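Quick note on numbering: UniProt numbering labels position 434 of the sequence shown as 434, and the sequence is numbered without any gaps. We put the beta carbon where it would ideally sit given N, CA and C, even for glycine. Treat the numbers as computed from the prediction; the structure is a model and nothing was measured. Down below is the structure, laid out as C-alpha cells.
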Amino acid sequence: MAGGMATARIAPAIGIDLGTSNCVVGVWRNGQVEIIPNSNGDRLTPSVVAFSDSEEGGRYIGQAAKNQAARNCKNTVFEAKRLIGRKFDDKTVQNDIRLWPFPIVKGPHGEARVQIRSRSLEKDFTPEEISAMLLGELKRQAEAFLDAEVNEAVITVPAYFNDAQRQATKDAGEIAGLKVLGIANEPTAAALGYTVHRERLIAFDRERTKTVMVFDLGGGTLDVAIMEVGRGKSKVIALTGDSHLGGVDFDIRLQEHVLRLVPGVAGEGTVAQRRLTKLREKCATAKHTLSTQHSAEIEVPPNNDVTVTRALFENICSDLFARCMTLVKEAIELSKLGREQISCVILVGGSTRMPKISDMLTDFFGGRRPLSSIHADEAVAYGAAVQAAIMTKRCIDSDLQDLVLQEVTPLTLGVNTWTGGGPETWKMSVLIPKNTPIPATGEDIRVTIRDNQTAMAFTVYEGESPLCKDNHILGEFTLDRFEPAPKGQAKARLVYSIDSDGILHATATNTVSGRTSSANFTMDKGRLTRGEIEQMITFERKFVADDRAALEKEAAKHRLQQYLTEVKAKMGSTAHRLLPNDSSVIRRKLSDVEGWLSGSSSGRASANDFENKKRDLEAACEAFETLDLQDRYVLRC
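As C-alpha cells, then:
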C-alpha cells in the first residue's frame, strides 16, 4: 500500500452497495462521488469468496474467486446475501440449497451456515463472515485508492430486508473492521444519487419537488419505491418489494430450460457440479447478450449448443416479469397516487438492462420511458457515498448537507395477542403499520390474562399476515414483578420505536410500579452473540494477515524466478568468460534453486525463504559483477 498509510491518515467515510451478484464502493471527494475501482481496474467486484483446496490454503475474493469457481465449486461461495439473517429451515433457503454447489448446514442457533471442507480448512461460516470478507476487500480497495485508513461506511440493503437481515449486515460490517454509520435502503440511496446528479436529468429541476418511482432490480432482490425528491429532501411515500427476486432468478430459469433440453448435464458428483457451475455462468452471459441482441448461443458442457432467442427468454421468464409489474402496481396503490402523478421512473440495478423491463414500464406509464442516467450498477453505491458524506458532515454543498432523508417501514410490526388457544392461533396486533415514516413510535396497553399473573411475555413480529405464525419473529422479552391481582387489572404499556436504520427497539412499562423492560432484539435466536462477533473479528484479522503474507510470498517468489531467468540468460551469453570454478558454483546454485522451486518445500515456504534463496543466488553470482566492472572499464578506456 502507498506510503500515506504509514501515518494512519483517516479517509472519508465510504458508501457500499453489498450486492447479491456484485459489490460497488464509492466515496464523496472533491465535491463529487468517485466510484472506486478494484485492483483489476474494474468498478464492480463479484460477490464471490473462495477457499483454496490446496494444502497451502488461502482464499480468493471477487474476480479471482469467480475465475476458479468451476474447478473448486464446493469451496466457492456466491449469493451469500440470500442467506444473511435467515434460518436454515427457511423455505427460500431450502429452495436455494438445491441450486448451490457448496453445502449449507444448520448452525447452533438454527441459522444457515456455509460448510467449507478443503484440504487446509474445515469450518462452517456464517453468512455474516462471508459478507465481512467482501466488505473487508472493499475497505482495502478504498484504502489503496485514497491512500488512507478507512474506518466508517454506510452499507445499503434491500428495502424489504427484515430486522434480522439488517442487524446481520451491521454485524458483517463490524467483523470487517468498519464502523457502520447507517444501513440505507437501496432504492432510497439510488434516488439520493439521482437527486445529486439531477443537473444531468431534464426531468429534475432544483426548485420543484418531483414524485418519482425507483425500480431497483438487482442480482437478488427487487425494490419498488415511490418518493418525493427535490431540493432539500428525499422522502419515501410507498415501498414494496421482493427480497428473493432478481437477476439470478432469471439465470436459474434459463438454466432450467437448458437442462430440460440437455438433461444429461445434471447429475451427482464433482464433475456434474462443475458442469452446472459453468452452465450457470453461460446462462448469465446469454441473458446479458439478449439485452442487446435478439439471440444468444449457450455452450452446454461437454459438447452441446443451445440457441435462445429474446422472445423465448421472455416467454420462459414471463411469470418473473409479471411479479415485477405486480409490485409496481402494489407500490402505486400504497402511495394512493395515480400513475399519471409519477413524474418519472428511475431504473436501478444491472437487471433493468433487460429490454422487457423498460418496455413493461413504458406501457404501464402511458408511453413515458424510464430514466437511467447514472450507471445502473453504480447508482446505489453513488447514493450511499453521498449519504456517508452527509452523515460525517463532509459535504461542502449546503443543499446536500441539509438534505432530509425520510424512510418508511417496509413491513408491518406488531405483537402477539392471546386468543385462548395455542401459538398457532395467536393474532398479531399492529403497532406500526407498513409504510409508516421513520423514525416511528407505536403504543399499546396490555393487561394480564390470568388471576395473580406476575409476568407478561411479549413476542414481537414483522409481516403482513393477521396470524402471528405466518410472520417473522423478531424476538421476545418479558416484564415481571407484577403484584398478584385479578386478571385484567395489572397493566403494561408497550412502546415500539424504529430508528433511522429501520431497526426496532421495544419497551414495556408496568403502569403501577413504573418498572420497565426493554429490548433492541439482539436476543433474536438467529443473531450472533457478542462473543461470536469478537471471535469472527479475530478470525478475519488472521485471514487478512494470511492474505497479506500470501501476497508477499507470491511477490518474493516472482522476484526469485525473475532473477533466476536473468542469471540463466547471462550464463548462456557470458559463461565462457567465467573462471571454471565460478561457472561451476553458479551452475550448482542454479540447479539447487530450480530443484527447490519445483519441490514441495517451496509450497510451505515464506516470503523470507524466497528472499533468502535469492540472496544466496546473488552471492553465487558475484563473478558476474567482476565481468561487468571489466566491461565498464574497457568502455571508459
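Indicate whether residue i and residue j have their beta-carbon atoms separated by less than 7 Å.
| i | j | result |
| --- | --- | --- |
| residue 668 | Thr419 | Past the boundaries of the shown model lies residue 668; the chain is included only from 1 to 637, so the question cannot be answered. |
| Gln154 | Gln387 | Note that residue 154 is Val in the sequence shown, not Gln. Cβ atoms of Val154 and Gln387: closer than 7 Å. |
| Phe215 | Leu121 | no |
| Ala191 | Leu334 | no |
| residue 638 | Ser351 | No answer is possible for residue 638: the residues shown for the chain start at 1 and end at 637. |
| residue 640 | Thr240 | The chain is shown from 1 up to 637; residue 640 falls before or after that span and cannot be answered. |
| Arg117 | Thr126 | no |
| Gly189 | Gly383 | The question names Gly, but residue 189 in the sequence shown is Ala. Yes, they are a contact pair. |
| Leu222 | Asp249 | no |
| Val415 | Phe458 | yes |
| Ala286 | Ile298 | yes |
| Val27 | Glu378 | no |
| Pro370 | Val408 | no |
| Val105 | Gln94 | no |
| Thr507 | Ser500 | no |
| Ile390 | Ile438 | no |
| Asp53 | Asn38 | no |
| Ala184 | Ile36 | no |
| Leu178 | Ala13 | no |
| Gly349 | Ala376 | yes |
Below 8 Å on the Cβ atoms is my contact criterion, and I expect residue i with residue j to pass it. Report the Cβ-Cβ distance as a whole number of Å.
| i | j | result |
| --- | --- | --- |
| Gly220 | Gly246 | 4 Å |
| Ile252 | Asn151 | Their Cβ separation, rounded to whole angstroms, is 38 Å, which puts Ile252 and Asn151 out of contact at 8 Å. |
| Val308 | Leu254 | 7 Å |
| Val460 | Gly488 | Contact doesn't hold; Cβ gap of about 23 Å is too wide. |
| Leu551 | Val567 | 25 Å between Cβ atoms; not a contact. |
| Asp163 | Glu476 | No, Asp163 and Glu476 are not in contact; Cβ-Cβ is about 13 Å, not under 8 Å. |
| Thr195 | Val229 | 5 Å |
| Lys66 | Pro101 | That belief does not hold up - the Cβ atoms of Lys66 and Pro101 are roughly 13 Å apart, past 8 Å. |
| Ala607 | Ala556 | 4 Å |
| Thr478 | Ala492 | Contact flag wrong, Cβ pair sits at about 10 Å. |
| Gly110 | Asp124 | Not a contact, Cβ separation roughly 13 Å. |
| Ile16 | His197 | No, Ile16 and His197 are not in contact; Cβ-Cβ is about 19 Å, not under 8 Å. |
Based on Cα-Cα distance, which residue from the options lies nearest to residue i?
| i | options | result |
| --- | --- | --- |
| Leu290 | Gln273, Thr270, Cys317 and Gly264 | Cys317 |
| Ile342 | Thr509, Pro103, Gly110 and Arg368 | Arg368 |
| Thr45 | Phe78, Ser600 and Lys74 | Phe78 |
| Thr211 | Asp89, Ala311 and Arg339 | Arg339 |
| Ala296 | Glu228, Asn38 and Arg310 | Arg310 |
| Ala485 | Arg450, Val48 and Ser500 | Arg450 |
| Val48 | Glu137, His109 and Val25 | Glu137 |
| Glu554 | Pro301, Glu532, Thr417 and Gly603 | Gly603 |
| Ile586 | Phe610, Gln453 and Glu618 | Glu618 |
| Ser234 | Asp359, Leu279, Pro263 and Pro187 | Pro187 |
| Ser465 | Asn435, Lys427 and Ile183 | Lys427 |
| Asp305 | Ile332, Leu279 and Glu330 | Leu279 |
| Phe610 | Pro37, Leu597, Val265 and Glu111 | Leu597 |
| Ala322 | Leu99, Pro580 and Leu361 | Leu361 |
| His505 | Ile533, Arg29, Met325 and Gln167 | Gln167 |
| Leu146 | Thr392, Pro103 and Asn30 | Asn30 |
| Met213 | Pro302, Asp319, Glu330 and Thr574 | Glu330 |
| Glu55 | Lys542, Lys139, Leu578 and Ser600 | Ser600 |
| Glu532 | Gly107, Lys87, Arg588 and Thr292 | Gly107 |
Just grab the DSSP bridge partners of residue i for me.
| i | result |
| --- | --- |
| Asp223 | Asp216 and Gly241 |
| Phe477 | Phe458 |
| Ser295 | Thr309 |
| Gly595 | Answer by DSSP bridge pairing: none, since Gly595 is not bridged. |
| Met428 | Asn416 |
| Glu122 | Arg117 |
| Cys23 | Leu18 and Thr45 |
| Ile533 | Note: Ile533 sits in no beta bridge, so no partner. |
| Ile175 | Answer by DSSP bridge pairing: none, since Ile175 is not bridged. |
| Trp28 | Val33 |
| Ile183 | Ile155 |
| Glu111 | Lys87 |
| Ile61 | Val49 |
| Ile252 | Its beta-bridge partners do not exist; DSSP assigns none. |
| Ile449 | Paired residues: none, contrary to the question. |
| His375 | Answer is none; His375 lacks a bridge partner. |
| Asn304 | Val300 |
| residue 640 | Because the chain spans 1 through 637 in this model, residue 640 falls outside it and cannot be assessed. |
| Thr211 | Glu228 |
| Ala508 | Leu494 and Ser517 |
Query raised in the report: So does the segment 12 to 32 actually touch the segment 80 to 88, counting three or more Cβ pairs closer than 8 Å?
Result: Output reads yes: the segment 80 to 88 touches the segment 12 to 32.
Report task. Could you tell me whether the segment 265 to 281 touches the segment 426 to 446, using the rule of 3 or more Cβ pairs below 8 Å? Result -> no
**Report entry** Contact the segment 562 to 574 vs the segment 157 to 169: 3+ CB pairs below 8 Å
**Finding:** With the cut-off at 8 Å, the segment 562 to 574 and the segment 157 to 169 do not touch.
Query raised in the report: Touching or not, the segment 525 to 540 and the segment 506 to 514, by the rule of three or more beta carbon pairs under 8 Å?
Result: no
Query - Given 8 Å, three or more beta-carbon pairs between the segment 60 to 75 and the segment 255 to 268 - result: No, the segment 60 to 75 is not in contact with the segment 255 to 268.
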